[in-house]
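The sequence shown runs 6 to 215 under this note's numbering. We put the CB at the ideal spot given by N, CA and C, even for glycine.
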Amino acid sequence: MNDSYITLPRLVKEDMPDLFLNSITKEIKEAYRHAKIAAEKPLPEILLETIAIEQGAWVQCKLHQLGSRYSGHGINVKLEQNSKKRAHLEIETDRILASTHRVRTPDTFPPQANYREGNAASNQLWLTGITEPQAPENSKCNMYILHGPREDAPTELGFVQLAIPDPRQRCYLSIMDLYSSDESVSVTREEQFPEVLVRLKKTKKTNTSL
Numbered sequence: 006m007n008d009s010y011i012t013l014p015r016l017v018k019e020d021m022p023d024l025f026l027n028s029i030t031k032e033i034k035e036a037y038r039h040a041k042i043a044a045e046k047p048l049p050e051i052l053l054e055t056i057a058i059e060q061g062a063w064v065q066c067k068l069h070q071l072g073s074r075y076s077g078h079g080i081n082v083k084l085e086q087n088s089k090k091r092a093h094l095e096i097e098t099d100r101i102l103a104s105t106h107r108v109r110t111p112d113t114f115p116p117q118a119n120y121r122e123g124n125a126a127s128n129q130l131w132l133t134g135i136t137e138p139q140a141p142e143n144s145k146c147n148m149y150i151l152h153g154p155r156e157d158a159p160t161e162l163g164f165v166q167l168a169i170p171d172p173r174q175r176c177y178l179s180i181m182d183l184y185s186s187d188e189s190v191s192v193t194r195e196e197q198f199p200e201v202l203v204r205l206k207k208t209k210k211t212n213t214s215l
């Protein structure tokens, strides 16, 4: 078998330094604090008009700073443009391409976008008895860093998740919870995915197994 199959928790553990992974929630909480200040207006009723935009932007800024501190430890951060020339953050490891997305509730999807669909095109799930789909050599696993507010306090962080979207952006192949506030609405999920194997393409130069 030329490809590798691995669970999301193992992929994250092997590709992301522990301190980096453990700092993601801390930095997103700090981003939400900055977003609250930035969104405050003379009319309190206007707060909700801009808080979502500020939260999304500040999370990208804080995680860009975090990733930059780990540039010598297998983490690469960069800003890419979508079709509307708007910049978005991408965090890369040897086998992961991650982007951040603010969503209203856990397990939900951001709006469809061409760049998201393109990034997720090579995400594959291994299932017994199904012919293996083709994926480009050295393709990476596309991952979303999902975050969103508490339902009862829209300026406060409610949850942080790592999620692997399927290429059609209609479901997640695997989800890993990093943080959930006591006030957040918990999502009842079947124990779907604890052993889901994400398909990764090996490089031509390596023969080591994961």
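Candidates the options, of which the one nearest residue i by Cα
i: L84; options: G77, H78, Q70; result: Q70
i: P116; options: C176, E161, K145, W63; result: C176
i: G77; options: E59, Q86, Q65, T98; result: T98
i: I42; options: S104, F114, P159, Q86; result: P159
i: P170; options: T110, D187, D157, R121; result: R121
i: S28; options: S73, I58, R15, A44; result: S73
i: L3; options: A168, A44, D187; result: The requested residue 3 does not occur in the structure, where the chain is confined to residues 6 to 215.
i: Q60; options: F114, A44, K145, E50; result: A44
i: K145; options: I96, P49, E161; result: I96
CB contact flag (residue i, residue j, <8 Å)
i: R155; j: G163; result: yes
i: A36; j: K67; result: yes
i: V82; j: L94; result: yes
i: M181; j: L26; result: no
i: L52; j: K46; result: yes
i: I150; j: T105; result: yes
Beta-carbon proximity list for residue i, same chain, < 6 Å, skipping 5 on both sides
i: V165; result: T30, I33, H152, L183, Y184
i: T193; result: Reliability of the predicted coordinates at T193 is poor, the pLDDT of 43 falling under 50, and no value is obtained from them.
i: N147; result: L102, N124, A125, N128
i: S186; result: R155, G163
i: Q65; result: L94, T105
Span of the beta strand (DSSP E), counted from its first residue to its last, around residue i
i: Q166; result: 162-170
i: R100; result: From DSSP, R100 is part of no beta strand (DSSP E); its letter is neither H nor E.
i: D182; result: 177-185
i: V82; result: 81-86
i: P154; result: 146-154
Close beta carbons around residue i, own chain, < 7 Å, minus the five adjacent residues each side
i: H39; result: W63
i: Y75; result: P22, F25
i: K18; result: none
i: A57; result: R107
Continuous alpha helix (DSSP H) stretch holding residue i: start and end
i: N128; result: No alpha helix (DSSP H) holds N128; DSSP gives it neither H nor E.
i: Q60; result: 52-74
i: L16; result: 13-20
i: H39; result: 23-44
Neighbourhood of residue i by C-beta distance below 8 Å, restricted to the same chain and skipping five residues each side
i: D20; result: G79, T98, D99, R100, I101
i: N119; result: N87, S88
i: L132; result: Confidence at L132 is low in this model, with a pLDDT of 47, below 50, so the placement of that residue should be treated as unreliable; the coordinate-derived value is given next. Closer than 8 Å at the Cβ level, and outside the excluded window around L132, lies no residue.
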